[in-house]
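Participant: Those protein sequences? They're chains A and B, same order as listed.
Sequential numbering of the first sequence, starting at 1, is according to our numbering.
Sequential numbering of the second sequence, starting at 239, is according to our numbering.
All C-beta atoms, glycine included, are put in the ideal place defined by N, C-alpha and C.
Please see the structure below; I have some questions.
Protein chains: 2
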Amino acid sequence: MFRRLIESLEVLGPLTSGEREAVESLGAVSRPFAPGAELVAEGDAPAHCRLLLEGQAFRHRTLADGRRQIMSFHTPGDMIDLEGLFLPMDHGLTALTAGEVLHLPHARLLDLMDSHPRVGRRFWTMTLKDAAIFREWILNIGRRTAYVRIAHLFCEVVVRLQRAGLVDNGRCAFPITQQHLSDATGLSAVHTNRTLQALRGEGLLSLRGGELVVLDWPGLQAAGEFDSSYLHLRESAA
Amino acid sequence: MFRRLIESLEVLGPLTSGEREAVESLGAVSRPFAPGAELVAEGDAPAHCRLLLEGQAFRHRTLADGRRQIMSFHTPGDMIDLEGLFLPMDHGLTALTAGEVLHLPHARLLDLMDSHPRVGRRFWTMTLKDAAIFREWILNIGRRTAYVRIAHLFCEVVVRLQRAGLVDNGRCAFPITQQHLSDATGLSAVHTNRTLQALRGEGLLSLRGGELVVLDWPGLQAAGEFDSSYLHLRESAA
DNA sequence: GTTGCCGGCTTACATAGGTTAAGGTGCGGC
DNA sequence: GCCGCACCTTAACCTATGTAAGCCGGCAAC
């Protein structure tokens, strides 16, 4: 049950056995969820943090008139509301697929981090990596054309799913609708459809029945002007 | 010299005198900078964190062909490269005005946070608030029209400058060019000019000679669909 | 005081992307 | 085996925003 969490923490280098034990005794509870479930609502002040064990989710905010913006996608191993530890949630989290979250009580988590500062730093670093991704999205939406923007998004998703071990030979489950894609890229649904067809037409990918298939990875990266360094996949903590 | 830092940390509630002393003995050095100075370069792996003591700066990334995206503006009291503590900088920081930064050595900072976990949490919370602002910018750029988008940006800047005590009767120093404004909002310079004239035409603000004057604050907030809750101005740490 | 430059402003024109509306397709429910 | 619904697709048209080019005013350098 803690495998995902330990793995996520150890991206930044191995933990000591004492640290690992401390993490494992957090008193966490796991909970299944259904596709489309609201995992965290805008305005919540949760009493525990959620680790995504299985499945996918996304972060979003909706304006009064219904326009929605998706701010990130999440894959197993991600802490999806770590910021809720200190701030009320200013956005919601919704499940894309069925899956499972692990609930880590705030109080226990804070104690753990106080007594094991190195572990605390790793949680902090997770939120810093999220922030780096937010910045990349600002750049993507602000300065790239629809075609490049969508390609870039797919590149990011594939790399992250791959790291979670969920890509098999270029194929992965990624059940988004074109509306989701529009809301993530700041485009209209119609234009997203047009652009997606262009990407398909170039033989770069296919997205159907909830499955994303990358047909030409170098081509997709080029189309998305993609450079994964902002994901900080290999950085280790001090 | 530490006034700004202590103030920033105490937004989240008072520190104990022990904590305050520990912060004050960080061995920090202050450095002046000129307008346009590159405070942190993309790719840097700094050995200290910078607190903005005086002046303004902005965070940005430039693409190969010269397109630039500004990701945030910063005011005195902000830690501008706290993420550099754990990750190499994936973007640069440039001075907008003349000013001064305080250098806090990473090693000392890490020791401080290990021995005073409550102080560590507050630094962490600062980066979480930055992340909340990044998310708001994603929404702003992705889902709002040029007019609303620019108005929203000015609202944010004014609120933050106000909190730093730099707004006097609606007037504040904010020496950005229209090009800066374009790069922050993802618009072209020409369209930024048009839109700015519309805002002026509505009697909402004036921006000239490096000075921003808010002429109609309620009107500007309405135009920017602005709700400051994402800035988490009053949240206190656990 | 001329020169050069930067930032602001304008105009004319081009286009990426939005809007509206309608038809098609697959699929679960009954 | 039909219905309804969610999603995808297409088409026609529109407009917000981008591009290219040039001018103007102020100010710093010499």
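#1: In chain order, what residues of the same chain have a beta carbon less than 8 angstroms from the beta carbon of A22 (chain A), not counting five sequence neighbours either side?
#2: If I measure Cβ to Cβ from A132 (chain A) and keep anything under 8 angstroms in the same chain, skipping five residues before and after, which residues do I get?
#3: So that I know if they touch, is there some Cβ in chain A lying closer than 9 angstroms to that of H221 (chain B)?
#4: Note the first and the last residue of the continuous alpha helix (DSSP H) segment covering S255 (chain B).
#5: Just verifying my parser: in three-state terms, what is the DSSP assignment at Q307 (chain B)?
#6: On the three-state DSSP scale, how would you describe G447 (chain B)?
#7: Can you grab the Cα-Cα spacing for the pair A384 (chain B) / L391 (chain B), in whole Å?
#8: Examine chain A for any beta-carbon lying closer than 9 angstroms to the beta-carbon of G256 (chain B), and answer yes or no.
#9: Any idea if E449 (chain B) is buried or exposed, counting beta-carbon neighbours within 10 angstroms, 16 or more meaning buried?
#10: For F311 (chain B), which of B:R387, B:Q294, B:A283 has the nearest alpha-carbon?
#11: Given a threshold of 16 other Cβ atoms within 10 Å of its Cβ, counted over all protein chains shown, does T254 (chain B) qualify as buried or as exposed?
#12: Mind reading off the beta-carbon distance from D90 (chain A) to C49 (chain A)? Whole number of angstroms is fine, and I expect it under 8 angstroms.
#13: Going by DSSP in three states, D406 (chain B) sits in which element: helix, strand or coil?
#14: Specify, as a first and last residue, the run of the beta strand (DSSP E) that L93 (chain A) falls within.
#15: Could you tell me which residues DSSP puts in a beta bridge with H103 (chain A)?
#16: Taking only beta-carbon atoms, is A279 (chain B) less than 9 angstroms away from chain A?
#17: Between which residues of its own chain and S246 (chain A) is the CB-CB distance below 6 angstroms, once the five residues before and five after are set aside?
#18: For G27 (chain A), collect the residues of the same chain with a Cβ closer than 7 angstroms to its Cβ; drop the 5 residues on either side in sequence, then sort them by chain order.
#19: Put H354 (chain B) into one of helix, strand or coil per three-state DSSP.
#20: Using a Cβ-Cβ cut-off of 8 angstroms (strictly less than) and excluding sequence neighbours within five positions of A272 (chain B), which residues of its own chain qualify?
#21: Beta carbon of R108 (chain A): closer than 8 angstroms to some heavy atom of the ligand NAD?
#22: Determine the DSSP secondary structure at L63 (chain A), reduced to helix, strand or coil.
#23: Tell me whether M239 (chain B) is buried or exposed, calling it buried when 16 or more other Cβ atoms sit within 10 Å of its Cβ.
#24: If you drop the 5 nearest sequence neighbours on each side, which residues of the same chain put their C-beta closer than 8 angstroms to that of E280 (chain B)?
#25: Please give the ranges of any alpha helix (DSSP H) in the region 117-154 of chain A, keeping only runs that are unbroken, at least 4 residues long and fully inside the region.
#26: Return the residue from the list B:I414, B:G424, B:G462, B:N378 that minimises the CA-CA distance to A436 (chain B).
#27: By the 10 Å Cβ neighbour count, where 16 or more other Cβ atoms means buried, how is S426 (chain B) classified, buried or exposed?
#28: Please classify T415 (chain B): is it buried, with 16 or more other beta-carbons within 10 angstroms of its beta-carbon, or exposed?
#29: Which word fits S182 (chain A), buried or exposed, when buried means at least 16 other C-beta atoms lie within 10 angstroms of its C-beta?
#30: Would R121 (chain A) and L53 (chain A) be called neighbours here (beta carbons separated by less than 9 angstroms)?
#31: Once DSSP output is grouped into helix, strand and coil, what is the label at R40 (chain A)?
#32: When you compare only the Cα positions, how much space is there between E440 (chain B) and R409 (chain B)?
#33: Under a CB-based cut-off of 9 angstroms, is L181 (chain A) close to chain B?
#34: I want to verify the contact list: residues of chain B whose CB lies under 9 angstroms from the CB of F73 (chain A), in sequence order.
#35: Is the beta carbon of G380 (chain B) less than 9 angstroms from the beta carbon of T192 (chain A)?
#36: Strictly under 9 angstroms for the Cβ-Cβ distance: is R67 (chain A) near chain B by that measure?
Facilitator: Once the coordinates are examined:
#1: One-based indexing of the first sequence puts residue 22 (chain A) at position 22. Sequence-distant partners of A22 (chain A) (beyond 5 residues in either direction) whose C-beta falls short of 8 angstroms from its own C-beta, in its chain, are L112, S115, H116, V119.
#2: By one-based count along the first sequence, residue 132 (chain A) stands at place 132. Hits under 8 angstroms: Y230, L231, H232.
#3: The question about residue 221 (chain B) has no answer here: the residues shown for chain B are numbered 239 through 476.
#4: Within the second sequence, numbered from 1, the residue matching residue 255 (chain B) stands at position 17. S255 (chain B) -> alpha helix (DSSP H) spans 255-262.
#5: As a first step, residue 307 (chain B) is located in the second sequence; it is residue number 69 there, counting from the start. In this structure, Q307 (chain B) counts as strand in the three-state DSSP scheme.
#6: Against the second sequence, residue 447 (chain B) aligns to sequence position 209. Here G447 (chain B) sits in coil by DSSP.
#7: On the second sequence, residue 384 (chain B) is found 146 positions in, with the first residue counted as 1. On the second sequence, residue 391 (chain B) is found 153 positions in, with the first residue counted as 1. When rounded, the distance between both Cα atoms is 11 angstroms.
#8: The count along the second sequence starts at 1 and reaches residue 256 (chain B) at position 18. So, not an interface residue.
#9: Here residue 449 (chain B) corresponds to residue number 211 of the second sequence, with the count starting at 1. Result: exposed.
#10: Sequence index remark: in the second sequence, residue 311 (chain B) carries index 73 (1-based). F311 (chain B) has its Cα closest to that of B:Q294, out of B:R387, B:Q294, B:A283.
#11: As a working note, residue 254 (chain B) is residue 16 in the second sequence. Looking at its Cβ environment, which holds fewer than 16 other Cβ atoms inside 10 Å, T254 (chain B) is exposed.
#12: Along the first sequence, one-based indexing puts residue 90 (chain A) at 90. Along the first sequence, one-based indexing puts residue 49 (chain A) at 49. With a Cβ gap of about 16 angstroms, D90 (chain A) and C49 (chain A) do not count as contacting.
#13: Numbered from its first residue, the second sequence carries residue 406 (chain B) at position 168. Strand at D406 (chain B).
#14: Your numbering for residue 93 (chain A) matches position 93 in the first sequence. For L93 (chain A), the enclosing beta strand (DSSP E) begins and ends at 92-95.
#15: Residue numbering aside, residue 103 (chain A) sits at position 103 when the first sequence is read from its first letter. Its beta-bridge partners are A:V29, A:R50.
#16: In the second sequence, the residue the question calls residue 279 (chain B) occupies position 41. Output row for A279 (chain B): interface = no.
#17: Outside the shown range of chain A (1 to 238) lies residue 246 (chain A), about which nothing can therefore be said.
#18: Position 27 of the first sequence, counted from the start, is the residue given in the question as residue 27 (chain A). So the list reads P105, R108, once near-sequence residues are dropped.
#19: For this step, residue 354 (chain B) is matched to residue 116 along the second sequence. Secondary structure of H354 (chain B) (DSSP, three-state): coil.
#20: Position 34 of the second sequence, counted from the first residue, corresponds to residue 272 (chain B). Counting only Cβ-Cβ distances below 8 angstroms, and skipping sequence neighbours, we find A333, A336.
#21: No copy of the ligand NAD appears in this structure; indeed no ligand is present at all.
#22: Numbered from its first residue, the first sequence carries residue 63 (chain A) at position 63. Three-state DSSP puts L63 (chain A) in coil, outside helix and strand.
#23: Start at 1 with the first residue of the second sequence, and residue 239 (chain B) comes out as number 1. So M239 (chain B) counts as exposed.
#24: Here residue 280 (chain B) refers to the residue found at position 42 of the second sequence. Only R299, T300, M327, D328, H329, G330 meet the Cβ criterion.
#25: 117-143
#26: Start at 1 with the first residue of the second sequence, and residue 436 (chain B) comes out as number 198. If we check each option's Cα against that of A436 (chain B), B:G462 comes out closest.
#27: On the second sequence, residue 426 (chain B) is found 188 positions in, with the first residue counted as 1. With fewer than 16 other Cβ atoms within 10 Å, it is exposed.
#28: As a working mapping, residue 415 (chain B) is identified with position 177 in the second sequence. Exposed, because fewer than 16 other Cβ atoms sit within 10 Å of the Cβ of T415 (chain B).
#29: The count along the first sequence starts at 1 and reaches residue 182 (chain A) at position 182. That one is buried.
#30: Taking the first sequence and counting its residues from 1, one reaches residue 121 (chain A) at position 121. Taking the first sequence and counting its residues from 1, one reaches residue 53 (chain A) at position 53. The answer is no: Cβ separation not under 9 angstroms.
#31: Taking the first residue of the first sequence as 1, we reach residue 40 (chain A) at position 40. The question names Arg, yet the displayed sequence has Val at residue 40 (chain A). Correct three-state label for V40 (chain A): strand.
#32: One-based indexing of the second sequence puts residue 440 (chain B) at position 202. One-based indexing of the second sequence puts residue 409 (chain B) at position 171. In a straight line, the C-alpha of E440 (chain B) is about 18 angstroms away from that of R409 (chain B).
#33: Here residue 181 (chain A) refers to the residue found at position 181 of the first sequence. It does not: the Cβ of L181 (chain A) has no partner Cβ on chain B nearer than 9 angstroms.
#34: On the first sequence, position 73 is the one that residue 73 (chain A) refers to. Result: empty, since nearest Cβ-Cβ is about 13 angstroms, beyond 9 angstroms.
#35: In the second sequence, residue 380 (chain B) corresponds to position 142, counting from 1. In the first sequence, residue 192 (chain A) corresponds to position 192, counting from 1. No, the pair does not count as a contact, with Cβ atoms beyond the cut-off.
#36: Your numbering for residue 67 (chain A) matches position 67 in the first sequence. So, interface residue.
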